[in-house]
Amino acid sequence: MKVYDFNVENIDGTQTSLDIYKGKVLLIVNIATHCGYTPQLESLEELYQKYNDKGFEILAFPTYQFLGQSKGNSQKILNFCKLNYGVTFKVFAKTNVNGKKTIPLYQYLKQTVDIKSIRWNFVKFLINRQGDIVGHYDSKIVPEELEQDLLNIL
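Just so you know, the sequence shown maps onto residues 0 to 153 in numbering that gives the first Met the number 0.
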């Protein structure tokens, strides 16, 4: 099984198959709009702008599971990200990354790196062009700190 085998929900409620990202390097991250780590959105956007033309994509999944730090519906979250941090990378619908309602993608990510739960917002998974997880980064790891790992697989 690979990341590409999953469908995820878009902001408008439609589904996207992640197989559209085959052959690309992905950074999958759970985000929040009112968290101490929210300024990482700016650094994520900088990475995206720097490497998108080399086949790099960021897939962001807002979650409300950590002290309710993503306020509003999915569209409001997207608007917040765009207006406050200039985000142009893909932001999907608000999602569950833990618990009984965890989306299948996050079940797979956690099982593959052998963790029981996502501990906080802005946990990152780096995926190579073959769809394999090659990096897992805690919230406190800022995007600049994983840039070399990204360069190694671009």
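Every residue gets a Cβ at the ideal spot worked out from N, C-alpha and C, and that includes glycine.
- In the three-state DSSP reduction, N151 falls in the helix class (H, G or I).
- Annotation: the continuous beta strand (DSSP E) that includes T15 extends over 14-16.
- Residue pairing for I132: DSSP places it in a beta bridge opposite I126.
- Around the beta-carbon of P103, fewer than 16 other beta-carbon atoms lie within 10 Å, marking it exposed.
- The DSSP-derived three-state label of K89 is strand.
- If you look at P142, you'll find it isn't in any alpha helix (DSSP H); DSSP assigns it neither H nor E.
- With a cutoff of 7 Å on beta-carbon distance, T111 and I126 are scored as not near each other.
- By the beta-carbon neighbour count (other beta carbons within 10 angstroms, threshold 16), I117 is buried.
- Taken through DSSP and simplified to helix, strand or coil, P103 comes out as helix.
- Short of 8 Å from the beta carbon of G54, and not among the five residues preceding or following it, lie these beta carbons of its own chain, in chain order: G22, K23, V24, R128, L153.
- Taking C-beta separations shorter than 8 Å and ignoring five residues to either side along the sequence, the partners of V141 in its chain run Q39, S42, following chain order.
- According to DSSP, A59 shares a beta bridge with V28, V90.
- In terms of Cβ geometry, L46 and I27 do not form a close pair [threshold 7 Å].
- The C-alpha of N151 is placed about 14 Å away from the C-alpha of E143.
- Contact between N95 and T87 is ruled out by a C-beta separation of about 25 Å, above the 8 Å threshold.
- A check of alpha carbon separations from Y105 across Y20, N9, N29 identifies N29 as the nearest.
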